[in-house]
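Chemist:
2 protein chains.
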Amino acid sequence: MPARLFYENGDGAGRTMATIKDVAKAAGVSVTTVSATINDSAPVSASLRARVNAAIAAVGYVPNPVARNLRLGRSRQVGLIVPDISAPYAAGLARSMQMALSDKGYAMFLASNGGDPARELADIARMNDHQAAGLVMVPAGLGARYAVRLAETIECPSVIIDRVIEGAPFDCVADDNALGARLIARHLLQLGHRDIAVIAGRTGDSVSDERLEGLRAPLSDAERPILEALICRDHPREDQALRATQDLMSRREPPTAIVTIDTVQTRGVLQGLKSMGLKAPDDVSLISFDGLHFSAGFDPEITSLDQDIPAIAEAAAEMLIGRLEAGAAGREKPPRLLRLPSRLIVRASCRRPG
Amino acid sequence: MPARLFYENGDGAGRTMATIKDVAKAAGVSVTTVSATINDSAPVSASLRARVNAAIAAVGYVPNPVARNLRLGRSRQVGLIVPDISAPYAAGLARSMQMALSDKGYAMFLASNGGDPARELADIARMNDHQAAGLVMVPAGLGARYAVRLAETIECPSVIIDRVIEGAPFDCVADDNALGARLIARHLLQLGHRDIAVIAGRTGDSVSDERLEGLRAPLSDAERPILEALICRDHPREDQALRATQDLMSRREPPTAIVTIDTVQTRGVLQGLKSMGLKAPDDVSLISFDGLHFSAGFDPEITSLDQDIPAIAEAAAEMLIGRLEAGAAGREKPPRLLRLPSRLIVRASCRRPG
DNA sequence: ACAGTAAATTAGAACGTTTTATTGGTCGCC
DNA sequence: GGCGACCAATAAAACGTTCTAATTTACTGT
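From first to last, the protein sequence lines stand for chains W and Y.
Numbers given in my numbering equal positions in the first sequence, counted from 1, plus 224.
Numbers given in my numbering equal positions in the second sequence, counted from 1, plus 224.
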């Protein structure tokens, strides 16, 4: 005899969910009174309030959020859309975001689109369909045209994370890339590095552009100007960073330090060094924006600028829910841009040159 | 002047969502006919069907899933509950699961509870509240008592992943741990290892127990019986595995190979070896269940038994949706247990002993 | 041509809430 | 003591669907 499924009576003769009507009957009041008691939406005398609460406990009533959503026209569900949930950044974000949201009584949808802008737009549409009250997203696409499509597709208050989309009507939470660049530059200069290479991501990607631009000034403040020849632009893929590393390290005068703009590039550099039998920090120093997860048991552990992902998630959740709870009023306010600082964590991949 | 928010007219004078009623009016038919057209729930003549479809396109109608859910008493949302979404296993699962579900028109809630059973039960309750139609979960708790609490709390068809919960009324998708153990044992024996250590997780954790038990027989088939002294039971934490490694490698006759039962233990062993200045595979061979993500740019890349996470996710999604779509009938069927094979991927952390 | 039946269409109830408008009751005030 | 003014409580409508039961239309067989 097979095990019996406990929920087999879910819609049969078994216990059925208690409704607000049952509570009203049990308490001997109207459903309006019950609703008013639950939501404090109208004055209820103390005696009735007590009766109602007792009845709620007695019948084990829990409000049906679907019915409430239908009536109210909004839900307590927000969607998180990321390019790749299996990337450590997105995974950490999802984790913190979910906790922040559930603390406030919201559930979180998740969509992971593989970095494909078309799929991302589909994800947004699906979340609209499922009546997400708000969206938090790390956008997959770039550029002004994509921003327009985003704004057209999104129908609810939204917070954009990581990337700054110019002029779009969204709140943003992003890394303070300029500050981070200064920290990195200072660290390398203090160690005595002068020939510093930078491997950047796609041109037009606000994160990569801001970080690269942020490095330029402080590095040029040093005794000699930044060496343009050591800057590798538009290397968004890991294999490109690998190739670039091989090129850089084959030069007559190789750089003494490499700055990677993102984890993808960092991985590429590590592969590139390995392919040449080189190693940080012995042969070259390596420092990475966003390298938190290269510290686990990595050898060497990479000195990097680590974002405070829980703080980002909490800030985004707060911004979003602030707008949601404010109702129509909250939507009128102009979009906000919040920059959160990263911290430079010195690990083992940098040392004095020479 | 601040940027204007495109959605500021969301509930004001702006465009309002078209309802099925609008479609009916536009097509000159009843709402029943429109509904029948959309759902194929009743025969509709070709001519009316055409009129209705035209009207739907004209007014830009999209069904309101909240209203539908209310009426139907079920939703097209399923919840995924994992101990820690930032763990690679869970992240990969979430990614594949979300894709599998969205292909079938379902949205996915995500909850990550930090491995705390109490929070997990709360997550389940919240998903119940939000009317999740089904649940997929990697349970945080262990043991029969916890299984009972799970069964009491869960109100919808559910699939348990990874861990096998005895006698509980849930479908399960799990790794074929016995097969995996045989593969690992064979690999090590073929290389010539005889003194093989095993570092296992919590006793009572079905995954750990099955894997350890699975190793026993094939290792004892070899010329000498398995060395009980080299088996470290109940080492669920990373620091315990670290300590165990130090102990093992300090023995007069240290093992020539270490098998780790899970990624946590693997990390611990790597730390332990590093702390002693040892390295795999030079000083000891290392092989891990579940080590996929130690291959990225790891040095050495760890030979491991890799689960096919997309296959697991797809199987679970299919099982769950199968039950959901079958309605009441689907709930009567006895729970299924599906074991999926892992593949042994030979990387660089094992070699012949001596 | 007419009853009888099958097929196509529709009106209306129901799902579980929130909210608007209304009732009934208590009080103060002249 | 009667009249409006407030307060607590309620009945009923509304949200956007689906589905049951009733109605209309079309068609078949004699």
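Cβ atoms here follow ideal geometry from the backbone N, Cα and C, with glycine treated the same way.
The model shown is predicted, which means the values in this text are computed figures rather than measured ones.
1. Is Ala392/W closer than 9 Å to Leu415/W when the C-beta atoms are compared?
2. Could you check whether the Cβ of Pro505/Y sits closer than 9 Å to any Cβ belonging to chain W?
3. Between which two residues does the alpha helix (DSSP H) carrying Ser192/Y extend?
4. Just checking: is the beta-carbon of Ser566/W within a distance shorter than 9 Å of some beta-carbon in chain Y?
5. Name, going along the chain, the residues of the segment 328 to 344 of chain Y whose beta-carbon falls closer than 7 Å to a beta-carbon of chain W.
6. Would you list the one or two residues that DSSP bridges to Met332/Y?
7. Give, in chain order, every residue of the segment 240 to 260 of chain Y whose Cβ lies closer than 7 Å to some Cβ of chain W.
8. What beta strand (DSSP E) runs, 3 residues minimum, are completely inside the segment 395 to 454 of chain Y?
9. Using a Cβ-Cβ cut-off of 6 Å (strictly less than) and excluding sequence neighbours within five positions of His517/Y, which residues of its own chain qualify?
10. Is Val290/Y close to chain W, meaning its C-beta is less than 9 Å from at least one C-beta of that chain?
11. Quick one: is Leu296/Y buried, meaning 16 or more other Cβ sit within 10 Å of its Cβ, or exposed?
12. Distance cutoff 9 Å, beta carbons only. Does Ala311/W sit that close to anything in chain Y?
13. Can you tell me the Cα-Cα spacing of Thr317/W and Ser326/W, whole angstroms?
14. Using the beta-carbon of each residue, which ones in chain W are nearer than 8 Å to Ala364/Y?
15. Does Arg563/Y have its Cβ less than 9 Å from a Cβ in chain W?
16. Taking 9 Å as the threshold (C-beta atoms), are Ala335/W and Leu304/W in contact?
17. For Arg567/W, is the classification buried or exposed, using 16 other Cβ atoms within 10 angstroms of its Cβ as the cut-off for buried?
18. What residues match up with Leu561/Y in a beta bridge as DSSP calls it?
19. Answer yes or no: does any C-beta atom of chain Y fall closer than 9 Å to that of Gly578/W?
20. Using the C-alpha atoms, what's the distance from Leu407/W back to Glu437/W?
21. Using a threshold of 9 Å, state whether the C-beta atoms of Val488/Y and Ile511/Y are closer than that.
22. Which residues in chain Y sit within 9 Å of Val286/W, going by Cβ to Cβ distance?
23. Taking the beta strand (DSSP E) that Asp327/W falls in, what are its first and last residues?
24. Can you pull the chain Y residues whose beta carbon is under 9 Å from the beta carbon of Ala318/W, in chain order?
25. So what's Ser254/Y in DSSP terms, helix, strand or just coil?
26. By a C-beta neighbour count over all protein chains shown, 10 Å radius and 16 as the cutoff for buried, is Asn337/W buried or exposed?
27. At 7 Å on the CB atoms, spell out the chain W contacts of Leu294/Y, in chain order.
28. Is the beta carbon of Cys181/Y sitting closer than 9 Å to the one on Ala465/Y?
29. Nearest CA to the CA of Gly284/W: which residue from Ile244/W, Ser310/W, Gln301/W and Asp308/W?
30. Once you ignore the five residues that flank Ala537/W on each side, which residues in its own chain have a CB closer than 6 Å to its CB?
31. Can you give the Cα-Cα distance for Ile526/W and Glu556/W, rounded to whole angstroms?
32. What does DSSP give as the partner residue(s) for Thr261/W in the beta ladder?
Modeler: Inspection of the coordinates gives the following:
1. Locating residue 415/W in the first sequence gives position 191, counting from the first residue. Locating residue 392/W in the first sequence gives position 168, counting from the first residue. Cβ atoms of Leu415/W and Ala392/W: not closer than 9 Å.
2. For the purposes of this step, residue 505/Y is taken as the residue at position 281 of the second sequence. False, the Cβ-Cβ gap to chain W never drops below 9 Å.
3. Lying outside 225 to 578, the shown extent of chain Y, residue 192/Y is not represented and no answer is given.
4. Here residue 566/W refers to the residue found at position 342 of the first sequence. Closer than 9 Å: no.
5. Here the close residues are Ala331, Met332, Phe333, Leu334, Ala335 and Ser336.
6. The residue labelled residue 332/Y in the question sits at position 108 within the second sequence. In DSSP, Met332/Y forms a bridge with Val302/Y.
7. Hits within the stretch: zero.
8. Entirely contained in the segment 395 to 454 of chain Y, the beta strand (DSSP E) runs reaching 3 residues are, in chain order, 395 to 399 and 420 to 423.
9. Start at 1 with the first residue of the second sequence, and residue 517/Y comes out as number 293. Closer than 6 Å at the Cβ level, and outside the excluded window around His517/Y, lie Pro312.
10. For this step, residue 290/Y is matched to residue 66 along the second sequence. True, the Cβ-Cβ gap to chain W drops below 9 Å.
11. Residue mapping note: residue 296/Y aligns to position 72 of the second sequence, counting from 1. Counting Cβ neighbours within 10 Å, Leu296/Y comes out exposed, since fewer than 16 surround it.
12. By 1-based counting over the first sequence, the position of residue 311/W is 87. Closer than 9 Å to the CB of Ala311/W there is at least one CB belonging to chain Y.
13. Against the first sequence, residue 317/W aligns to sequence position 93. Against the first sequence, residue 326/W aligns to sequence position 102. Sequence inspection shows Leu at residue 317/W; the Thr mentioned does not correspond to that position. For Leu317/W and Ser326/W, the distance between alpha carbons rounds to 14 Å.
14. Working through the second sequence from its first residue, we reach residue 364/Y at position 140. By Cβ distance, chain W contributes nothing, its closest Cβ being about 14 Å from Ala364/Y, past 8 Å.
15. Taking the second sequence and counting its residues from 1, one reaches residue 563/Y at position 339. It does not: the Cβ of Arg563/Y has no partner Cβ on chain W nearer than 9 Å.
16. Counted from its first residue, the first sequence places residue 304/W at position 80. Counted from its first residue, the first sequence places residue 335/W at position 111. Result yes, Cβ atoms of Leu304/W and Ala335/W sit closer than 9 Å.
17. Counting from one through the first sequence, the residue named residue 567/W turns up at place 343. With a 10 Å radius around the Cβ and a threshold of 16 neighbouring Cβ atoms, Arg567/W comes out exposed.
18. Counting from 1 along the second sequence, the entry for residue 561/Y is found at position 337. Secondary-structure assignment with DSSP links Leu561/Y through a beta bridge to Cys396/Y.
19. The residue given as residue 578/W occupies position 354 in the first sequence. Chain Y, which has no Cβ nearer than 9 Å to the Cβ of Gly578/W, makes this no.
20. For this step, residue 437/W is matched to residue 213 along the first sequence. For this step, residue 407/W is matched to residue 183 along the first sequence. Each residue's alpha carbon lies about 13 Å from the other.
21. The residue you call residue 488/Y lines up with position 264 of the second sequence. The residue you call residue 511/Y lines up with position 287 of the second sequence. The Cβ-Cβ distance between Val488/Y and Ile511/Y does not fall below 9 Å.
22. By one-based count along the first sequence, residue 286/W stands at place 62. In chain order: Ala349, Asn352 and Asp353.
23. For the purposes of this step, residue 327/W is taken as the residue at position 103 of the first sequence. For Asp327/W, there is no enclosing beta strand (DSSP E); the enclosing alpha helix (DSSP H) has its first and last residue at Pro312 to Asp327.
24. Position 94 of the first sequence holds residue 318/W. Within chain Y, the residues Ile309, Ser310, Ala315, Ala318, Leu334 and Ser336 have their CB atoms less than 9 Å from the CB of Ala318/W, given in chain order.
25. To locate residue 254/Y, count along the second sequence from 1; it is residue 30. In the structure shown, Ser254/Y falls within a coil segment according to DSSP collapsed to helix, strand and coil.
26. In the first sequence, counting from the first residue as 1, residue 337/W sits at position 113. Buried, since its Cβ has 16 or more Cβ neighbours within 10 Å.
27. Against the second sequence, residue 294/Y aligns to sequence position 70. At a beta-carbon threshold of 7 Å, the residues of chain W lying near Leu294/Y are Val290, Ala291 and Leu294, ordered along the chain.
28. A question about residue 181/Y goes unanswered here, because the residues of chain Y that appear run from 225 up to 578.
29. Position 60 of the first sequence holds residue 284/W. Just measuring C-alpha positions, the residue of Ile244/W, Ser310/W, Gln301/W and Asp308/W sitting nearest Gly284/W is Ile244/W.
30. One-based indexing of the first sequence puts residue 537/W at position 313. So the qualifying residues of the chain are Leu317, Ser320, Met321 and Ala324.
31. By 1-based counting over the first sequence, the position of residue 526/W is 302. By 1-based counting over the first sequence, the position of residue 556/W is 332. One C-alpha to the other measures close to 44 Å.
32. Translated into positions along the first sequence, residue 261/W becomes position 37. Beta-bridge pairing links Thr261/W to no other residue.
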